[in-house]
Amino acid sequence: MHIPFCAHKCHYCDFNSHARAPIPWRAYADALCRELAHWAGHPAYRGRTLASIFFGGGTPSLAEPWLIARVLAAIRAAFPCSHDCEITLEANPDSVSAERLAAWRTAGINRLSIGTQSLNDRELDWLERIHDRQQALDAFAHARAAGFANINLDLMYGLPEQTLDDWLDTLNEAIALEPEHLSCYQLTVEPGTRLARMHNRQPLPLPNEEASLTFLFATRKRLAEQGYRAYEVSNFARAGRHCRHNDAYWRYRDYLGIGAGAFGKFDRGDRGAIRYGNLRGPERYMRQLHETGHAIAQQEEIPPRLAAAEAVWLGLRRTDGIDCRAFAVRFGATPWRMFAETLAPFAARGLLDHDAERLRLSETGLALADDIAAAVIQAAR
Ligand code: SF4
621 MHIPFCAHKC HYCDFNSHAR APIPWRAYAD ALCRELAHWA GHPAYRGRTL ASIFFGGGTP
681 SLAEPWLIAR VLAAIRAAFP CSHDCEITLE ANPDSVSAER LAAWRTAGIN RLSIGTQSLN
741 DRELDWLERI HDRQQALDAF AHARAAGFAN INLDLMYGLP EQTLDDWLDT LNEAIALEPE
801 HLSCYQLTVE PGTRLARMHN RQPLPLPNEE ASLTFLFATR KRLAEQGYRA YEVSNFARAG
861 RHCRHNDAYW RYRDYLGIGA GAFGKFDRGD RGAIRYGNLR GPERYMRQLH ETGHAIAQQE
921 EIPPRLAAAE AVWLGLRRTD GIDCRAFAVR FGATPWRMFA ETLAPFAARG LLDHDAERLR
981 LSETGLALAD DIAAAVIQAA R
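Counting from 621, one number per residue, gives the positions in the sequence shown under the numbering used here.
Here's what the structure looks like:
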């Protein structure tokens, strides 16, 4: 469920997020419920049981709590949910309060993902975040006090002039809070952002490839020491606390995307898939929903071999890699057989581990995950 509104557009952000004042919450909630009704009747999704629900953004925590409650009620009316359905809300520290937390809990949110990014005020300032370190710490404490027992902290490294010690200070302080999950991503300069324009005018002192790997491996080492398993390249969790929602993407499962700019994907019945994306602008999204009952802006047919390549690309991000037997049942052959010519050179360099059961990146292969993925996708096109 995509909530595309933010109080301020951060310069590095390439998510579908829009600063609006006032935010048209009622009209947006109407549109979400209308789109939900559309997809609930679609043959690809009708009657399917939801294993997870994710309110992402944008800043879902900005939404009036009644909106979250109303949309969750509509989801439950439209689809069966598993008894242990993971229901996540992304929250920014500046829009977390005891009242909102209580309302989210009552509505059924059982997992919180807090956009902390850093616990250093200078870095938060540079990132144009509108919260400070103390607000981030308070948000976590309030969430615990409200009874949230499954919390993720989003953190970012590789900021200009950030030293490894600066980063480890934030990481250690985050670990001391004892969250169940940590997502640690490197800052990237995404095309089309204000940051990209700044970088083009005057190159930013960002870490080179070698320094980036130092950050990555130091992060993995520190979190492993503290009992967090790296179950994906950038995601770390206590036992049993991995994010089921994101893990479903990496397992190439079907998902339903609702809201402005949301994407969804479903099997098309011949080992291929269909992916669709909604209109990105909130006003156009709401207008089109009102007129036609859906807001699809683009739809892509993914033939079986390309779907298999995408499943390899995403599956290799998981530490457990790809279950080769399940893959063969789904796509007709193991990933190794389908993409032998492409994968063999990487395996020969020690970047991939494989046997009859699993195909996965080796520790050294982690650094080249994107190159391997690009080669497999290229081979399928
Ligand atoms: S708060 Fe998050 S979604 Fe909103 S602009 Fe900043 S980075 Fe983007």
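By construction, the Cβ of each residue, glycine as well, lies at the ideal position given by its N, Cα and C atoms. Keep in mind the model is a prediction, meaning the values are calculated, not measured.
Subject >> CA nearest to the CA of residue 861, picked from 869, 873 and 848 >> reply: Stepping through the sequence shown from its first residue, residue 861 is reached at position 241. The shortest Cα separation from residue 861 among 869, 873 and 848 belongs to 848.
Original post:
In whole angstroms, what is the alpha-carbon distance linking residue 698 and residue 657?
Top reply: On the sequence shown, residue 698 is found 78 positions in, with the first residue counted as 1. On the sequence shown, residue 657 is found 37 positions in, with the first residue counted as 1. C-alpha separation (whole angstroms): 7 Å.
**OP:** Identify the continuous beta strand (DSSP E) that holds residue 801 and give its terminal residues.
**Re:** Within the sequence shown, the letter at position 181 stands for residue 801. First-last of the beta strand (DSSP E) with residue 801: 801–806.
Subject >> Limits of the unbroken alpha helix (DSSP H) element including residue 962 >> reply: If you number the sequence shown from 1, residue 962 lands on position 342. Residue 962 -> alpha helix (DSSP H) spans 960–968.
Original post:
For the candidate residues 744, 750 and 681, whose alpha-carbon lies nearest to that of residue 725?
Top reply: One-based indexing of the sequence shown puts residue 725 at position 105. The candidate whose alpha carbon is nearest that of residue 725 is 681.
Original post:
Whose C-beta lies closer than 8 Å to the C-beta of residue 753 among residues of the same chain, with five residues either side of it excluded?
Top reply: Residue 753 sits at position 133 when you count from the first residue of the sequence shown. Result list for residue 753: 738, 739, 740, 741 and 744, in chain order.
Original post:
If you follow the beta strand (DSSP E) that residue 869 is part of, which residue opens it and which one closes it?
Top reply: Against the sequence shown, residue 869 aligns to sequence position 249. First-last for residue 869: 864–870, but that is the alpha helix (DSSP H), not the beta strand (DSSP E).
**OP:** Pick out whichever of 878, 942 and 747 has its Cα sitting closest to the Cα of residue 782.
**Re:** One-based indexing of the sequence shown puts residue 782 at position 162. Closest by alpha carbon: 747.
Original post:
Are there three or more Cβ pairs, one per stretch, closer than 8 Å when the region 641–658 is compared with the region 905–913?
Top reply: yes
Original post:
Would the beta-carbon of residue 715 be found less than 7 Å away from any heavy atom of ligand 1?
Top reply: Numbered from 1 along the sequence shown, position 95 holds the residue referred to as residue 715. No, the beta carbon of residue 715 sits no closer than 7 Å to any heavy atom of ligand 1.
Original post:
Between residue 841 and ligand 1, is the CB less than 7 Å from at least one heavy atom?
Top reply: Residue mapping note: residue 841 aligns to position 221 of the sequence shown, counting from 1. No, the beta carbon of residue 841 sits no closer than 7 Å to any heavy atom of ligand 1.
**OP:** Report the residue from 903, 963 and 812 whose alpha carbon sits nearest the alpha carbon of residue 995.
**Re:** Position 375 of the sequence shown holds residue 995. For the residues 903, 963 and 812, the minimum Cα distance to residue 995 belongs to 963.
Subject >> Close-in-space but distant-in-sequence residues of the same chain around residue 984 (CB under 7 Å, 5 per side omitted) >> reply: Taking the first residue of the sequence shown as position 1, residue 984 is located at position 364. The answer, listed in chain order, is 970 and 971.
Original post:
Tell me, which residues are paired with residue 677 by DSSP?
Top reply: One-based indexing of the sequence shown puts residue 677 at position 57. DSSP links residue 677 through a beta bridge to 623.
Subject >> Local Cβ density within 10 Å of residue 798, reported as buried at 16 or more and exposed below that >> reply: Position 178 of the sequence shown, counting from 1, holds the residue named residue 798. Its Cβ having fewer than 16 others within 10 Å, residue 798 is exposed.
**OP:** Have a look at 895, 898, 931 and 921 and flag the residue whose alpha-carbon is nearest the alpha-carbon of residue 868.
**Re:** Translated into positions along the sequence shown, residue 868 becomes position 248. Taking only the C-alpha atoms, the option nearest residue 868 is 931.
**OP:** Can you list the residues near ligand 1, meaning Cβ strictly closer than 5 Å to any non-hydrogen atom, in the order they appear in the chain?
**Re:** 626, 629, 630, 633, 635 and 637
Original post:
Quick check: the region 688–704 against the region 761–769, are there 3 or more CB pairs under 8 Å?
Top reply: The answer is no - the region 761–769 does not touch the region 688–704, with fewer than three Cβ pairs under 8 Å.
**OP:** Please state whether DSSP places residue 648 in a helix, a strand or coil.
**Re:** Indexing the sequence shown from 1 puts residue 648 at position 28. If DSSP states are grouped into helix, strand and coil, residue 648 belongs with the helices.
**OP:** Starting from residue 918, follow the beta strand (DSSP E) in both directions and report where the run begins and ends.
**Re:** By 1-based counting over the sequence shown, the position of residue 918 is 298. 916–922 is the span of the beta strand (DSSP E), which, as asked, contains residue 918.
**OP:** Go ahead and label residue 812 buried or exposed: buried means 16 or more other beta carbons lie within 10 angstroms of its beta carbon, across all protein chains shown.
**Re:** By 1-based counting over the sequence shown, the position of residue 812 is 192. Residue 812 should be labelled exposed.
Original post:
beta strand (DSSP E) containing residue 944: first to last residue?
Top reply: Here residue 944 refers to the residue found at position 324 of the sequence shown. That residue, residue 944, is in no beta strand (DSSP E); its alpha helix (DSSP H) goes 944–951.
Original post:
Cα-Cα, which of 729, 777 and 917 is closest to residue 767?
Top reply: Within the sequence shown, residue 767 is the residue found at index 147, counting from 1. Ranking 729, 777 and 917 by Cα distance to residue 767 puts 729 first.
**OP:** Would you kindly work out how many angstroms separate the C-alpha atoms of residue 623 and residue 966, rounded to a whole number?
**Re:** Sequence index remark: in the sequence shown, residue 623 carries index 3 (1-based). Sequence index remark: in the sequence shown, residue 966 carries index 346 (1-based). Their backbone Cα atoms lie some 40 Å apart in a straight line.
**OP:** Spatial neighbours of residue 827 within its chain, please: CB distance less than 6 Å, with the 5 preceding and 5 following residues excluded, ordered by chain position.
**Re:** Here the question's residue 827 lines up with position 207 in the sequence shown. Cβ within range, chain order: 778.
Subject >> Rounded straight-line distance, which links the Cα of residue 794 to that of residue 736 >> reply: Stepping through the sequence shown from its first residue, residue 736 is reached at position 116. Stepping through the sequence shown from its first residue, residue 794 is reached at position 174. Taking the straight line joining both Cα atoms gives about 9 Å.
Original post:
Of all the alpha helix (DSSP H) runs that stay within the bounds of the region 692–750, which reach a length of 4 or more residues?
Top reply: Correct list: 718–727 and 741–746.
Original post:
Going by the CB atoms, is the gap between residue 933 and residue 850 shorter than 8 Å?
Top reply: Residue mapping note: residue 850 aligns to position 230 of the sequence shown, counting from 1. Residue mapping note: residue 933 aligns to position 313 of the sequence shown, counting from 1. Cβ atoms of residue 850 and residue 933: not closer than 8 Å.
Original post:
Can you pull the DSSP bridge partners for residue 875?
Top reply: In the sequence shown, counting from the first residue as 1, residue 875 sits at position 255. DSSP lists 885 as partners of residue 875.
Original post:
Hey, would you say residue 925 sits closer than 8 Å to residue 1000, going by beta carbons?
Top reply: Stepping through the sequence shown from its first residue, residue 925 is reached at position 305. Stepping through the sequence shown from its first residue, residue 1000 is reached at position 380. Yes, Cβ-Cβ distance for residue 925 and residue 1000 is below 8 Å.
Subject >> residue 856 - containing beta strand (DSSP E), residue span >> reply: Residue 856 sits at position 236 when you count from the first residue of the sequence shown. Counting along the chain, the beta strand (DSSP E) containing residue 856 begins and ends at 855–857.
Subject >> residue 774, DSSP secondary structure in three states >> reply: Indexing the sequence shown from 1 puts residue 774 at position 154. Here residue 774 sits in strand by DSSP.
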